[in-house]
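In the UniProt record's numbering, the protein residues as written are 1 to 465.
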């Protein structure tokens with residue numbers, strides 16, 4: 001088969017003209033232009049798909065049952081004086097121990113889990129030696145020195161009814177320190193107590209909106225002297241969405257000043273993933289689904305990924321793990337001499353490659369505050385038996401039932417992309433992809449016959465000379 005026959009068999013516009021010597025040059029130029037245009041369109045289409053295969057569209061707001069945010073209330077990191085005295089009174093001191101010196105440096109123990117605490121290596125080693133002498137670990141000792149949730153949160157109401165604060169809040173060790181947790185969970189505790197993973201965690205929902213149907217708390221604020229360090233002496237509060245989040249990743253929130261009442265209303269905004277975008281690979285959609293587990297955490301969120309990156313970096317550089325890290329690294333707890341290395345390694349995020357989560361919820365907060373006046377009469381029974389000069393009232397509620405939903409969708413699926421490429425060939429050449437495949441087959445056959453003819457000519461050449 002020669003190339004003239006190949007062109008006569010080709011099923012696209014102008015193929016027969018290429019076989020004619022009279023019109024060959026003009027049609028060759030035209031076909032080269034068509035080929036360039038079609039290749040350019042295909043390249044732009046494929047590149048556009050790989051550069052940004054998804055887009056976000058806002059859907060009609062929906063009404064739904066609200067999963068209340070995770071609320072974290074952190075007592076002051078600085079140990080209270082009466083807690084220190086009570087703790088020291090139950091210790092056994094080695095001979096020649098300076099009890100006054102121990103009492104003075106004991107607050108430095110918080111440096112092992114709070115990066116805001118200043119410490120001296122020698123002082124911290126002395127404290128750890130005393131704890132080891134009394135067969136105490138750092139976590140249990142620090143917990144005894146920290147204000148409990150019952151001491152921090154004096155009164156609670158949930159969904160319009162008075163509630164026992166102990167049934168709503170539990171204390172966990174977080175990145176910031178010991179905090180009281182509402183509607184949250186601790187990955188650190190689940191690793192240490194595997195039975196908690198199999199236990200279904202109760203999620204806190206609300207059925208009515210408004211300030212009277214959320215979470216109201218009265219926080220103790222008996223401040224006898226001005227705080228020297230705001231980070232260590234103030235109580236803190238933060239909210240995480242969605243609810244039932246792992247609080248291991250909590251960082252500093254909003255300080256709670258004494259003598260005020262705060263109203264904070266939340267509205268939800270979520271991003272969901274369509275089925276077409278869900279079928280794309282993580283590299284293409286540039287985000288991860290919640291059910292795609294991380295190295296340690298069983299679900300994906302970007303803040304979990306950043307936390308894992310920090311854990312691995314501390315372990316790699318300092319050969320230890322901070323006290324408030326989940327015990328999954330198999331590393332010893334960072335001691336006083338490793339603490340500076342661990343803090344420096346944990347503060348760097350430039351090496352973490354953590355894409356966004358495909359589906360997530362964010363909180364939009366509207367809040368205002370006003371001072372509490374003890375002499376002003378009150379009509380809400382929540383104020384009963386509270387000294388308004390020594391508390392802070394915080395009312396947390398969901399502002400509305402409607403939730404703004406943004407859907408992340410894919411411009412093309414793989415089948416749509418393949419179909420569009422076939423349309424490109426049809427526009428420029430008047431042929432389908434099957435015709436293109438047929439041309440390739442004929443071209444392959446033509447090249448094969450040419451090679452066979454050349455091979456036969458070389459074999460017969462010495463005898464035909």
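Every residue, glycine too, gets a C-beta built ideally from N, C-alpha and C. Since this is a predicted model, take the numbers as computed values, not measurements.
One alpha carbon belongs to residue 189, the other to residue 174, and they sit about 11 Å apart. The residues 211, 216, 263, in chain order, have a CB closer than 6 Å to that of residue 395 in the same chain once the five nearest residues on each side in sequence are set aside. For residue 340, the uninterrupted alpha helix (DSSP H) run begins and ends at 336-346, by DSSP. With respect to residue 147, residue 156 sits apart: the two C-beta atoms are not nearer than 8 Å. Taking C-alpha positions only, residue 221 is separated from residue 75 by approximately 10 Å. As the crow flies, the alpha-carbon of residue 37 is around 14 Å from that of residue 28. By the Cβ test, the region 334-347 is not in contact with the region 241-252, since fewer than three Cβ pairs between them sit closer than 8 Å. Where residue 173 is concerned, the enclosing beta strand (DSSP E) starts and stops at 170-173. Between residue 398 and residue 209, the CB-CB gap stays under 8 Å. In this structure, residue 234 keeps its C-beta atom at 8 Å or more from the C-beta atom of residue 219. With fewer than 16 other Cβ atoms inside 10 Å of its own Cβ, residue 137 counts as exposed. For residue 78, no beta strand (DSSP E) run applies, since DSSP gives it neither H nor E.
Cβ-Cβ distances below 6 Å link residue 105 to 123 in the same chain, with the five nearest sequence neighbours on each side left out; the list follows chain order.
Between residue 322 and residue 342, the CB-CB gap stays under 8 Å. Listed in chain order, the non-local C-beta contacts of residue 294 below 7 Å within the same chain comprise 300, 304, 305, 308, local neighbours out to five positions each way being set aside. Residue 366: member of the beta strand (DSSP E) spanning 360-371, first to last residue. The DSSP assignment places complete alpha helix (DSSP H) segments of no fewer than 4 residues inside the region 108-167 at 121-133, 138-145, 149-152, in order along the chain. With contacts defined as CB atoms closer than 8 Å, residue 241 and residue 139 fail to qualify as a contacting pair. The DSSP-derived three-state label of residue 286 is coil. If you draw a straight line from the Cα of residue 126 to the Cα of residue 183, it is about 38 Å long. Our two residues, residue 236 and residue 73, have alpha carbons roughly 6 Å apart in a direct line.
Here the alpha carbons of residue 440 and residue 450 stand approximately 15 Å from one another.
For residue 214, DSSP assigns no beta-bridge partner whatsoever.
Considering only 69, 142, 367, the residue with the shortest C-alpha distance to residue 83 is 142.
For the pair residue 85 and residue 269, the Cα-to-Cα distance works out to about 48 Å. Within the same chain, 260, 261 come within 8 Å of residue 370 by CB-CB distance, once the 5 residues on both sides are set aside. In this structure, the beta-carbon distance from residue 92 to residue 134 falls below 8 Å.
In this structure residue 377 does not touch residue 388 by the C-beta definition: roughly 11 Å separates them, more than the 8 Å allowed. Going by C-alpha positions, residue 166 is about 17 Å away from residue 144. For residue 262, the enclosing beta strand (DSSP E) starts and ends at 260-273.
Across the set 318, 130, 356, 90, the C-alpha of 130 shows the shortest separation from the C-alpha of residue 102. The alpha carbon of residue 271 has as its nearest neighbour, out of 238, 356, 118, the alpha carbon of 356. Counting along the chain, residue 315 sits inside the alpha helix (DSSP H) bounded by residues 302-318. Contact between residue 273 and residue 359 holds, with the beta-carbon distance rounding to 5 Å and staying under 8 Å. Nearest neighbour of residue 79 by Cα position, chosen from 100, 291, 107, 246, turns out to be 107.
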